[in-house]
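Undergrad: Attaching a single structure in structure tokens format; questions to follow.
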Amino acid sequence: MKQNKRNFFQGKRVFVTGHTGFKGSWLCRILVGAGAIVTGYSLPAPTQPNLFELAGLEGKITSVIGDIRDRDKLTAAFDAAQPEIVFHLAAQPIVRDGYKNPTYTYETNVMGTVNILECVRLFGCVRSFLNITTDKVYQNREWVWGYREDESLNGFDPYSNSKSCSELVTQSYLNSFFQGTDVAISTARAGNVIGGGDFANNRIIPDCVRAVQAGKAVAVRNPHSTRPYQHVLEPLFAYLMIAQRQYENKTVAGWYNVGPDECDCITTGDLVDLFCQNWGDGITWGNQTEANAPHEADFLKLDCSKLKIVFGWKPQWRINEAVRKTVEWSRVWMNGGDIPAEMDREIAEYLEGER
Numbered sequence: 004m005k006q007n008k009r010n011f012f013q014g015k016r017v018f019v020t021g022h023t024g025f026k027g028s029w030l031c032r033i034l035v036g037a038g039a040i041v042t043g044y045s046l047p048a049p050t051q052p053n054l055f056e057l058a059g060l061e062g063k064i065t066s067v068i069g070d071i072r073d074r075d076k077l078t079a080a081f082d083a084a085q086p087e088i089v090f091h092l093a094a095q096p097i098v099r100d101g102y103k104n105p106t107y108t109y110e111t112n113v114m115g116t117v118n119i120l121e122c123v124r125l126f127g128c129v130r131s132f133l134n135i136t137t138d139k140v141y142q143n144r145e146w147v148w149g150y151r152e153d154e155s156l157n158g159f160d161p162y163s164n165s166k167s168c169s170e171l172v173t174q175s176y177l178n179s180f181f182q183g184t185d186v187a188i189s190t191a192r193a194g195n196v197i198g199g200g201d202f203a204n205n206r207i208i209p210d211c212v213r214a215v216q217a218g219k220a221v222a223v224r225n226p227h228s229t230r231p232y233q234h235v236l237e238p239l240f241a242y243l244m245i246a247q248r249q250y251e252n253k254t255v256a257g258w259y260n261v262g263p264d265e266c267d268c269i270t271t272g273d274l275v276d277l278f279c280q281n282w283g284d285g286i287t288w289g290n291q292t293e294a295n296a297p298h299e300a301d302f303l304k305l306d307c308s309k310l311k312i313v314f315g316w317k318p319q320w321r322i323n324e325a326v327r328k329t330v331e332w333s334r335v336w337m338n339g340g341d342i343p344a345e346m347d348r349e350i351a352e353y354l355e356g357e358r
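Add 3 to the 1-based position in the sequence shown for our numbering, that's all there is to it.
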């Protein structure tokens, strides 16, 4: 979404589920800057501190605090907003939390998707709907090449599997209710995102920042696991691009991987090396062994050829730049700096690079 196309969202009514989360807060900051009329629907921010408060979004969007499983409350918020564009991000997003509470994970990630699609079905205002899922929806065979959109969907663990189910729900609703309508529906399967403002548990970059705060070495559980790490702005601008382009031309709607080029799919150990190098101050890391640790895939890559061919998209920030931006944001936060200004600076730099 190039700078000169940001005016597409000017005055558009946009509904964002999961707006108080890490990606949701960044997305709302971008949309507010683009002049969109934003309604967010989400549980309270899941961490303390949290990016939603830091991003200065209170008063700039309509923020409805509610559970995606509560269809009546969601429907009322949707009716009041009458959105043209919907981004569905609300989810239980942590693999390990899925093992701890699988019922809640499935209720949120599967029935939450049903509930938001019911809103889209029942109200005639929506032109563009995008369900944000994950790279983990695929049946992971631990092979060395990237998964493509036509590969089998069968995530291993409750989180990954529930997002596979969310994809299938979306496809079923498309086939059953939206054929021959003006509603464009897509899903976006993003790789692992990093960036300033992620305070979640059991994620590697937040663990790095917490280790810095505590003056300790970073503890890394799976240093040899390969993941498609990317800065959070990469998938967010891809989501905005898909939502806009399918709004304008329904034929481009579909299922899209969003991830880095293969050269930026690195191991977790390499990612932490980059963090330590960019942070400096003698920060180090070590391997944390766990007895009876839950299963997590060792190898995962995405093939993003479809997104590149259909939209002419390409990733912009290489992995070292993504880590550097994350470190810059984290230093501003730790020093009590102006977080909205830092977010806007990074957004502007990203847009400048698209020219």
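Ideal Cβ positions, reconstructed from N, Cα and C, are used throughout, including at glycine.
Everything numeric in this text was worked out from a predicted model, so none of it was measured.
In chain order, what residues of the same chain lie with their CB nearer than 6 Å to the CB of residue 331, ignoring the 5 residues before and after it?
TA: Mapped onto the sequence shown, residue 331 falls at position 328. The answer is none, since no qualifying residue turns up.
Undergrad: Beta-carbon separation of residue 78 and residue 122 under 9 Å?
TA: Position 75 of the sequence shown holds residue 78. Position 119 of the sequence shown holds residue 122. Yes. Within cutoff.
Undergrad: Please state the DSSP three-state secondary structure of residue 370.
TA: Examination of residue 370 is not possible in this model, given that the chain is present from 4 through 358 alone.
Undergrad: Comparing C-alpha positions only, which one of 184, 165 and 313 sits nearest to residue 139?
TA: Within the sequence shown, numbered from 1, the residue matching residue 139 stands at position 136. Comparing Cα-Cα distances from residue 139 to each of 184, 165 and 313, the minimum goes to 165.
Undergrad: Could you give the uninterrupted runs of the alpha helix (DSSP H) lying entirely in the region 246-291, keeping only those of 4 residues or more?
TA: Segments of the alpha helix (DSSP H) lying fully in the region 246-291: 271-282.
Undergrad: I'd like to know if the region 54-62 and the region 31-43 are in contact, where contact means that at least 3 CB-CB pairs between them fall below 8 Å.
TA: Contact holds: three or more Cβ-Cβ distances are below 8 Å.
Undergrad: Would you say the region 257-266 touches the region 340-350, given that touching needs at least three Cβ pairs under 8 Å?
TA: No: fewer than three Cβ pairs fall under 8 Å.
Undergrad: Leaving out the 5 sequence neighbours to the left and right, which residues in its chain are closer than 8 Å to residue 95 when beta-carbon positions are compared?
TA: The residue you call residue 95 lines up with position 92 of the sequence shown. Answer for residue 95: 101, 104, 107, 108, 111, 112, 162 and 165, listed in chain order.
Undergrad: Identify the continuous alpha helix (DSSP H) that holds residue 106 and give its terminal residues.
TA: Position 103 of the sequence shown holds residue 106. Segment 105-109, the alpha helix (DSSP H) holding residue 106.
Undergrad: I need the boundaries of the alpha helix (DSSP H) containing residue 60, first residue and last residue.
TA: Taking the first residue of the sequence shown as position 1, residue 60 is located at position 57. Taken as a continuous stretch (DSSP letters only), residue 60 belongs to no alpha helix (DSSP H), as it is neither H nor E.
Undergrad: Just how far apart, CA to CA, sit residue 241 and residue 114?
TA: As a position in the sequence shown, residue 241 is number 238, starting the count at 1. As a position in the sequence shown, residue 114 is number 111, starting the count at 1. So the alpha carbons of these two residues sit roughly 25 Å apart.
Undergrad: Looking at the secondary structure, which residues open and close the alpha helix (DSSP H) in which residue 74 lies?
TA: Residue numbering aside, residue 74 sits at position 71 when the sequence shown is read from its first letter. Counting along the chain, the alpha helix (DSSP H) containing residue 74 begins and ends at 74-84.
Undergrad: Can you give me the Cβ contacts of residue 363 inside the same chain, cut-off strictly under 6 Å, excluding the 5 residues immediately before and after it?
TA: The first residue shown for the chain is 4 and the last is 358, placing residue 363 beyond what the model contains.
Undergrad: Which residue's Cα is closest to the Cα of residue 50: 303, 97, 269 and 64?
TA: As a position in the sequence shown, residue 50 is number 47, starting the count at 1. For the residues 303, 97, 269 and 64, the minimum Cα distance to residue 50 belongs to 97.
Undergrad: Where does the unbroken beta strand (DSSP E) through residue 131 begin, and where does it stop?
TA: Position 128 of the sequence shown, counting from 1, holds the residue named residue 131. Element bounds for residue 131: 131-135.
Undergrad: Where does residue 14 land, buried or exposed, given buried means 16+ other C-beta within 10 angstroms?
TA: The count along the sequence shown starts at 1 and reaches residue 14 at position 11. By the neighbour-count rule (16 or more Cβ atoms within 10 Å), residue 14 is not buried but exposed.
Undergrad: With H, G and I counted as helix, E and B as strand and the rest as coil, what does DSSP make of residue 159?
TA: As a working mapping, residue 159 is identified with position 156 in the sequence shown. Residue 159 falls in the coil class under three-state DSSP.
Undergrad: Please return the same chain residues whose Cβ sits closer than 6 Å to the Cβ of residue 326, not counting the five positions on each side in sequence.
TA: Here residue 326 refers to the residue found at position 323 when the sequence shown is read from its first residue. Counting only Cβ-Cβ distances below 6 Å, and skipping sequence neighbours, we find 277, 278 and 281.
Undergrad: Are the beta-carbon atoms of residue 3 and residue 131 separated by less than 9 Å?
TA: No answer is possible for residue 3: it lies beyond the span of the chain, which begins at 4 and ends at 358.
Undergrad: How long is the line joining the alpha carbons of residue 48 and residue 136, rounded to whole angstroms?
TA: On the sequence shown, residue 48 is found 45 positions in, with the first residue counted as 1. On the sequence shown, residue 136 is found 133 positions in, with the first residue counted as 1. The straight-line gap from Cα to Cα measures roughly 19 Å.
Undergrad: Alpha helix (DSSP H) containing residue 326: first to last residue?
TA: For the purposes of this step, residue 326 is identified with residue 323 of the sequence shown, where counting begins at 1. It spans 322-337 - the alpha helix (DSSP H) in which residue 326 sits, taken as one unbroken run.
Undergrad: Helix, strand or coil: which one does DSSP assign to residue 171?
TA: The count along the sequence shown starts at 1 and reaches residue 171 at position 168. Of the three classes helix, strand and coil, the one that applies to residue 171 here is helix, per DSSP.
Undergrad: Excluding sequence positions up to five away, which residues of its chain have a Cβ less than 7 Å from the Cβ of residue 86?
TA: Here residue 86 is taken as the residue at index 83 of the sequence shown, counted from 1. The answer, listed in chain order, is 16, 17, 18, 42, 128 and 129.
Undergrad: Could you say which of 235, 315, 351 and 225 lies nearest to residue 248 if we only look at CA atoms?
TA: Numbered from its first residue, the sequence shown carries residue 248 at position 245. Of the listed residues, the one whose Cα sits closest to residue 248 is 315.
Undergrad: Specify, as a first and last residue, the run of the alpha helix (DSSP H) that residue 220 falls within.
TA: Position 217 of the sequence shown, counted from the first residue, corresponds to residue 220. Neither: residue 220 is in no alpha helix (DSSP H) and is coded neither H nor E.
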